[in-house]
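Reading through the structure tokens given below for one structure.
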Amino acid sequence: MKPTTFAGLAVATALALAIAVTTYAAQNRWAQPKVSGQPLFPGLAAQAGRIARIEIKQGEKSLTLARDKDGWTLADRGSYPAKADAARGLLVKLAQAELVEAKTRNKERFGLLELEDPEGKEAKSRLLRLTDDKGATIAEAVVGKKRYDAFGSSKSGTYVRKPGDTQTWLSNADLAVSVAPRDWVQPGVMDLTAAKIAKLTVEMPGEEPLVIQRDVADASKHVLAAMPEGKKLKETGGIEAIVRAAGSIELEDVRKPTGAGEKAGTARIEADGGLTVTLDLRKQGEDYWLTLEATAGEGEAKKTAEEIAKRAQGWELKVPSYKAQSILKRRADLFAAS
Numbered sequence: 569m570k571p572t573t574f575a576g577l578a579v580a581t582a583l584a585l586a587i588a589v590t591t592y593a594a595q596n597r598w599a600q601p602k603v604s605g606q607p608l609f610p611g612l613a614a615q616a617g618r619i620a621r622i623e624i625k626q627g628e629k630s631l632t633l634a635r636d637k638d639g640w641t642l643a644d645r646g647s648y649p650a651k652a653d654a655a656r657g658l659l660v661k662l663a664q665a666e667l668v669e670a671k672t673r674n675k676e677r678f679g680l681l682e683l684e685d686p687e688g689k690e691a692k693s694r695l696l697r698l699t700d701d702k703g704a705t706i707a708e709a710v711v712g713k714k715r716y717d718a719f720g721s722s723k724s725g726t727y728v729r730k731p732g733d734t735q736t737w738l739s740n741a742d743l744a745v746s747v748a749p750r751d752w753v754q755p756g757v758m759d760l761t762a763a764k765i766a767k768l769t770v771e772m773p774g775e776e777p778l779v780i781q782r783d784v785a786d787a788s789k790h791v792l793a794a795m796p797e798g799k800k801l802k803e804t805g806g807i808e809a810i811v812r813a814a815g816s817i818e819l820e821d822v823r824k825p826t827g828a829g830e831k832a833g834t835a836r837i838e839a840d841g842g843l844t845v846t847l848d849l850r851k852q853g854e855d856y857w858l859t860l861e862a863t864a865g866e867g868e869a870k871k872t873a874e875e876i877a878k879r880a881q882g883w884e885l886k887v888p889s890y891k892a893q894s895i896l897k898r899r900a901d902l903f904a905a906s
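Residues 569 to 906 in the numbering used here are what the sequence shown spells out, letter by letter.
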């Protein structure tokens, strides 16, 4: 980023954060009386324009948000777009956060507050670091668990400490600091209601294709194409469950395409309006990753395809194992024993 561009962005960001802090305090009329203490990060609001990255570490997991001229991205996930409000909201809370109650200095008790060493393999604590565009640290803290309703109904606090400091604190800020990518992005990639899906074809290596189509007699239902004579389905809702699973996709993690893992299967959705969505699933270890391609003709279907493509095309998305397994059903497993 050019220095002049970053400088302009920095000024705008600092002003926006200052306004956000003031506006939040003014509009939050129904809050409990303010509980005050010393600032967690003195002068942070004034330095907001320098903040270029938000780094979060928890054990072996990490996540980095980076700011550019278009907003915030997941820097360590190929710069996948992040929700601007999520990053901005965290910075506002950090700028407002105050240390209101000193807690234990006993390291043996840090774990009770989830303030143990964040580098530990099983750590529940998180190391939060804010840096500038040169990598210099602006602020950092170890963030622990929340204390719900600490300052009255719906007013939670969060346990914190500074790295290298044995003094722990209860802050008056409700801090959401997570290493889970889905907490920083729009996790919903596709949400097609079953009623809009006319046909679903599931193909798995070495298996007969599973074809599900809309029931001609009842458009609100789906049936298995070419139902074998004398066979019965194990459960009547099984077909609809597959359709619903394929039509609703949310990501857990994201990365640039790698092609890693073994091919698990493909699901092809043909929906109303000429919308076609193809999900290619791969299994890497115990994880399932998918790539997604959406095309359509005109009108609302085209708009839907464009929205799906904007969020998913050109990326590999990690989905929950139960989701992948709900889609990748063997045709033979749907039938009741004879």
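Glycine included, every Cβ here is placed at the ideal spot set by N, Cα and C.
{"query": "DSSP-derived helix/strand/coil call for PRO749", "result": "helix"}
{"query": "Cα-Cα separation, PRO777 to SER889", "result": "21 Å"}
{"query": "Supposed close pair ARG694, VAL745 - CB separation, criterion 8 Å", "result": "5 Å"}
{"query": "Local conformation of LEU612 per DSSP, three classes", "result": "coil"}
{"query": "C-beta contact flag for PRO607 and GLU666 at 9 Å", "result": "yes"}
{"query": "LYS871 (DSSP reduced to helix, strand or coil)", "result": "helix"}
{"query": "Nearest candidate by alpha-carbon position, reference LEU658, set PHE903, THR863, LEU743", "result": "LEU743"}
{"query": "Spatial neighbours of TRP907 in its chain, beta-carbon cut-off 6 Å, leaving aside the 5 residues before and after", "result": "As displayed, the chain neither begins before 569 nor continues past 906, which places residue 907 out of reach and without an answer."}
{"query": "Residue of GLU771, GLY829, GLY756, ARG850 minimising C-alpha distance to ILE876", "result": "GLY756"}
{"query": "Burial state of LYS671 (16 or more Cβ within 10 Å)", "result": "buried"}
{"query": "DSSP state of LEU658 mapped onto helix, strand, coil", "result": "helix"}
{"query": "Buried or exposed by the 16-neighbour rule on C-beta atoms within 10 Å, applied to THR761", "result": "exposed"}
{"query": "Own chain residues within Cβ distance below 6 Å of GLY639, not counting five before or after", "result": "ALA652"}
{"query": "6 Å Cβ shell around LEU768 - same chain, five flanking residues per side excluded", "result": "ILE780, VAL811, ALA814, ILE837"}
{"query": "Buried versus exposed call for GLU690 [16 or more other C-beta atoms within 10 Å across all chains shown]", "result": "exposed"}
{"query": "Any 3 or more C-beta pairs closer than 8 Å across the stretch 829-843 and the stretch 865-879", "result": "yes"}
{"query": "Exposure label - ASN740; buried when at least 16 CB within 10 Å", "result": "buried"}
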